[in-house]
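Written below as structure tokens is the structure these notes are about.
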Amino acid sequence: IGMGRLATGRKVFRSVDFMSILYQCSAAALPIVGLISLLSGLTMAFVGAVQLQKFGAEIFVADLVALAMVREMGALMAAIVMTGRTGASFAAQLGNMRVSEEIDAFQTMGVRPVDFLVVPRLIALVLVMPLLCMYANVIGILGGYLVGVLMLDMSTHQYITQTFNAMSLNDLFSGVIKSLFFGIVVATSGCFYGILCGQSSEAVGQAVTRSVVTGITFIIVVDAIFAVIFHILGI
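Pasting the structure below:
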């Protein structure tokens, strides 16, 4: 309903607040997302190389890393990191506002808390998650490239060519589409438990824990649903 009011031009939240949230969800999250994606790419490439070397098929390490990152791991790892980082932050922020009665003050002044607090956070994550997914894809493929060049003695041109030949636009878009829904899950779980938090510091801690557990659980559920849908559609 809040998104519907926003679409009709009845914006309640402040632009400066939205830009601050957008920065926290995007640029501030790049280091940790990049580190996790790089390690994921390195691990997949190393494990794949150990097995593929037995058959003299080391070149297919590039295919393995590229397809795994763009179809699954890029969006999934970015979403899980954002759940533990940003989703928990949302729950803590809103929970503390509930404890300090700031949310009650908004209601007293006639400001809808969902419109002012939840909607900008939801929009911010939906906007940045596809970008973080693409960033994670590139960094993960870079990790595979390091293993391919330094461990398997592949040339840069050979690895890059094999990577591009392995991927298609369907593979790329499948991960990006999933990341949109992952963003909705992360923002919704964090804000839901934050808004409904109790009136004590213990309740804030419980809200943060529940938001992370719920977010990760539903990310896996959404990923499984998309796997079935993509299989049916032949993507």
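Numbering (our numbering), first residue to last: 153 to 387.
Note that beta-carbon positions come from the ideal geometry of N, C-alpha and C, so glycine has one too.
Among the options, nearest to residue i - alpha-carbon criterion
| i | options | result |
| --- | --- | --- |
| N248 | N289, F370, L348 and I384 | L348 |
| C177 | L274, G295 and I291 | L274 |
| R162 | D169, G327 and I153 | I153 |
| A180 | V271, L385, L277 and D256 | L277 |
| P282 | I384, S172 and E224 | E224 |
| R157 | Q203, S353 and P272 | P272 |
Inter-residue Cα distance where the pair is residue i and residue j
| i | j | result |
| --- | --- | --- |
| V380 | V373 | 11 Å |
| G236 | F165 | 25 Å |
| M221 | V280 | 18 Å |
| E388 | L304 | Summary: the structure shown does not reach residue 388, with the chain confined to residues 153 through 387, and so no result is reported for it. |
| N289 | L191 | 12 Å |
| T195 | Y311 | 17 Å |
| L284 | A230 | 7 Å |
| L246 | A159 | 24 Å |
| V233 | S189 | 10 Å |
| F333 | G367 | 11 Å |
| I336 | F242 | 13 Å |
| Y175 | V270 | 16 Å |
| G193 | G186 | 10 Å |
| I184 | L228 | 14 Å |
Proximal residues to residue i (C-beta, below 7 Å), its chain only, five neighbours per side dropped
| i | result |
| --- | --- |
| V364 | T235, G236, G239 and A240 |
| G226 | S189, C285, A288, N289, G292 and G327 |
Reduced DSSP secondary structure (H/G/I, E/B, other) of residue i
| i | result |
| --- | --- |
| M225 | helix |
| S353 | helix |
| E253 | coil |
| F258 | helix |
| K163 | coil |
Cβ-based neighbour list, residue i, same chain, cut-off 6 Å, excluding 5 preceding and 5 following
| i | result |
| --- | --- |
| A197 | V213, V217, G296 and V299 |
| F266 | Before going on, a small fix: residue 266 reads as Val here, not Phe. Result list for V266: G154, in chain order. |
| Y345 | A243, A359, R362 and S363 |
Interface flag, residue i vs chain D, CB-CB below 8 Å
| i | result |
| --- | --- |
| K330 | Protein chains in the displayed structure number just one, and chain D is not present. |
Cβ neighbours of residue i in the same chain (closer than 8 Å, five flanking residues each side left out)
| i | result |
| --- | --- |
| F114 | The requested residue 114 is not part of the displayed model; the chain covers only 153 to 387. |
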